[in-house]
Amino acid sequence: MLTGIKLRLYPTQTQVNQLWQMFGNDRFVWNRMLDMMNERYKNNKDLPFLTKFKLNYLLKPLKKEYPFLKNSDSSSLQLVNEFLNQSWKNFFKDKTGTVGKPRFHSRRYLKPSYTGKSIVKIAGIRYLYLPKLGYIKTSKTGVLKDVKIKRYTVSLEPTGKYYLSIQAEVKTPEKLKKTGKQVGIDVGVADLAILSNGLKYPSFDASYFEKQSRVWQSKYSRRRHLAHLLCEQDKNQKVLNPRSVEGFSNWQRARKLKAGYQKKVANKRKDYLHKLTTHLVRQSLPSQSNCQCFLEPV
6 MLTGIKLRLY PTQTQVNQLW QMFGNDRFVW NRMLDMMNER YKNNKDLPFL TKFKLNYLLK
66 PLKKEYPFLK NSDSSSLQLV NEFLNQSWKN FFKDKTGTVG KPRFHSRRYL KPSYTGKSIV
126 KIAGIRYLYL PKLGYIKTSK TGVLKDVKIK RYTVSLEPTG KYYLSIQAEV KTPEKLKKTG
186 KQVGIDVGVA DLAILSNGLK YPSFDASYFE KQSRVWQSKY SRRRHLAHLL CEQDKNQKVL
246 NPRSVEGFSN WQRARKLKAG YQKKVANKRK DYLHKLTTHL VRQSLPSQSN CQCFLEPV
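Letter by letter, the sequence shown follows residues 6 to 303 of this note's numbering.
Written out as structure tokens, the structure reads:
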């Protein structure tokens, strides 16, 4: 079966620079190919559609014209063509008008990431070998034992942390043994779940982090608005070296803290629900695979 595994990466400064180069290369190839396909579609809509294999043939002359593309994993550029090809297919197949044409990727608003399908090797305890990056430190490698990696994605979160998301093929896990018990569950507000045997699960509480998230969200919005006003002021006054929004450190700090608290709330909620459901299945319900849920009108 296929499953997803997410690991934290700890790149060096040299590897960070290489990662940003690879992020930019994927965005560059997407925009170049999309521009070419837009012109082709605009000039003659009856021309045959370019498949992902034909798009991959264009990568070689593109690398000769732009040598910096050679710094990327070749499989990641091929996957860019595959994703672009799929976007056009979705556009042509849609009959409802809800799917639009593929859009250009912006450096400002696109989440920095790239996807590859080359071989990822376990180099040691908490170390992996990634193509074009070399040996890179990670949070853990034990979860990668006896798995077959299909694809991997390296991404930068708004918190400033790098992550490796892996699509892997693993063995089907063993089913839990039946307990022979049955239980009714009532979902409430004061308590998240109340069982028919009297057991109560309290509601999830992360009020401190939620409050901090709201506080820093407000600070982030104010500082971002002020940064835009100052940038527009420099532009109107024709300052020799106008400031950019990315240059305001207080806005960047608020952005990272806001994202950090939001991530903290999401992680704590996910951990709480996983522990609750695991305890519920192991202690009260008949089995992990044969659970049935019935909703009654109230």
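Cβ atoms here follow ideal geometry from the backbone N, Cα and C, with glycine treated the same way. Model, not experiment: these values are computed from the prediction.
- Rounded to whole angstroms, the separation of the alpha carbons of Thr282 and Lys224 is 36 angstroms.
- Per DSSP, reduced to three states, the secondary structure at Glu87 is helical.
- For Lys126, the three-state secondary structure derived from DSSP is strand.
- Beta bridge pairing from DSSP links Gln288 with no other residue.
- Here Leu197 really is in contact with Phe209; their C-beta atoms are around 7 angstroms apart, less than 8 angstroms.
- Secondary structure of Arg108 (DSSP, three-state): coil.
- Beta-bridge partners assigned by DSSP to Pro207: Asp196.
- The count of Cβ pairs closer than 8 angstroms, one atom from the segment 6-14 and one from the segment 167-176, reaches three, so the stretches are in contact.
- DSSP lists Ser160 as the bridge partner or partners of Ser118.
- Just so you know, the alpha carbons of Asn241 and Phe253 end up roughly 19 angstroms apart.
- The three-state secondary structure of Asp40, taken from DSSP, is helix.
- Nearest in C-alpha terms to Lys268, of all of Pro247, Glu162, Leu231 and Val175, is Glu162.
- In this structure, DSSP gives Lys11 an extended state, which the three-state scheme calls strand.
- The Cβ atoms of Ser92 and Asp31 lie no closer than 8 angstroms to each other.
- Beta-bridge analysis with DSSP links Lys153 to Glu174.
- In the structure shown, the three-state DSSP call for Thr143 is strand.
- The beta carbon of Tyr206 lies closer than 7 angstroms to those of Asp196, Leu197, Ala198 and Leu281 in the same chain, with the five residues before and after it left out.
- DSSP, reduced to helix, strand and coil, places Tyr46 within a helical segment of the structure shown.
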